[in-house]
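Participant:
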Amino acid sequence: MLTLVIGGAGSGKSEYAESHAMKLDGRRVYLATMEPFGAEAGRRIARHRKMRENKGYETIERFTDVGNAPIPEGANVLLEDLGNLLANELYSPAGGGAGAALTGVCALAEKCRHLTVVTNEIGAGGADYEGNTLTYMKELGRINCGLAARADRVIEVICGIPQVRKEVKDVDD
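Numbered according to my numbering, the sequence shown spans residues 8 to 180.
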């Protein structure tokens with residue numbers, strides 16, 4: 008099963024995704040994709056660690072190549088988040104390019120009982136971008152669309168309120 012959770016910055020998408028994953032029976036793995044570059048990244052990582060404290064998550068840090076992450080068989084995986092993964096695949100020396108992000112997530116989904124992917128909604132910003140930023144935004148939009156097409160459930164979180172955008176019947180929680 009695949010659930011895609013999408014929302015803007017500060018929308019509550021991470022909190023929703025964690026509460027969704029907490030409802031699933033079985034082992035829970037938090038697949039963290041943010042590389043700890045700088046003070047701001049450190050603060051965000053610390054906030055997410057605190058959010059999942061005492062919730063029974065095993066944490067695996069994997070910045071690229073998530074399809075080969077050492078996931079325990081039958082685990083429920085929360086991937087936080089697709090935007091970081093794409094940036095790592097595009098700009099890190101270890102990255103495999105934009106295609107590696109989507110391919111990796113699809114391979115990861117095959118290994119999991121349930122995969123919940125957190126991603127950013129970036130198309131509503133209204134600003135004009137160029138260069139690497141525009142490339143990143145177009146690729147994330149393309150990958151979001153690809154995952155939404157494959158997903159059993161797509162949830163958009165707006166101001167902390169989850170909105171079901173797609174739900175295939177008989178999806179087990």
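Don't be surprised by glycine CBs; every beta carbon is placed ideally from N, CA and C.
On the criterion of 16 or more Cβ atoms from any shown chain inside 10 Å, does THR142 qualify as buried, or is it exposed?
Facilitator: By the neighbour-count rule (16 or more Cβ atoms within 10 Å), THR142 is not buried but exposed.
Participant: So what's ARG51 in DSSP terms, helix, strand or just coil?
Facilitator: DSSP places ARG51 in helix when its eight states are reduced to three.
Participant: Closer than 7 Å by C-beta to GLU174: which residues in its own chain qualify, once you throw out the five before and the five after it? Chain order, please.
Facilitator: Closer than 7 Å at Cβ, skipping near neighbours: ARG160.
Participant: Tell me, which residues are paired with ARG35 by DSSP?
Facilitator: Paired residues: TYR64 and ASN83.
Participant: Please report how far the alpha carbon of CYS113 lies from the alpha carbon of GLY74, in whole angstroms.
Facilitator: About 7 Å.
Participant: Quick one, which of VAL84, GLY14 and GLY45 has its alpha-carbon nearest LEU31's?
Facilitator: If we check each option's Cα against that of LEU31, VAL84 comes out closest.
Participant: Is LYS30 close to chain C? Criterion is C-beta to C-beta, closer than 8 Å.
Facilitator: Annotation note: the requested chain C is absent from the structure, which comprises a single protein chain.
Participant: In or out: ASP88 buried (at least 16 other Cβ within 10 Å) or exposed?
Facilitator: By the 10 Å Cβ count, ASP88 comes out buried.
Participant: Which residue or residues does DSSP assign as beta-bridge partners of ILE165?
Facilitator: Per DSSP, ILE168.
Participant: Shortest alpha-carbon distance to LYS20 belongs to which of LEU86, ASN61, ARG50 and GLY45?
Facilitator: When each option's Cα is compared against that of LYS20, the closest is LEU86.
Participant: What does the alpha-carbon distance come out to for the pair GLY181 and GLY14?
Facilitator: Nothing in the structure corresponds to residue 181, since the chain is present only between 8 and 180.
Participant: Measuring alpha carbon to alpha carbon, tell me which residue in ALA82, GLU80, MET41 and ARG59 is nearest THR126.
Facilitator: Ranking the options by Cα distance to THR126, first place goes to MET41.
Participant: Under DSSP, the alpha helix (DSSP H) around ASN75 begins and ends at which residues?
Facilitator: Note, ASN75: premise wrong, no alpha helix (DSSP H); not H, not E.
Participant: Between LEU115 and ALA76, how many whole angstroms is the CB-CB distance? I'm expecting something under 8 Å.
Facilitator: Confirmed, about 6 Å.
Participant: Would you mind working out which of GLU25, TYR64, ALA101 and ALA108 sits nearest GLY148, comparing C-alpha positions?
Facilitator: Residue ALA108 is the option with its Cα nearest to GLY148.
Participant: So the candidates are ARG56, PHE44, ARG50 and GLY81; which of them puts its Cα closest to the Cα of PHE70?
Facilitator: It is PHE44.
Participant: Would you tell me roughly how many angstroms separate the C-alpha atoms of GLN170 and VAL164, rounded to the nearest one?
Facilitator: Distance between the alpha carbons of GLN170 and VAL164: 6 Å.
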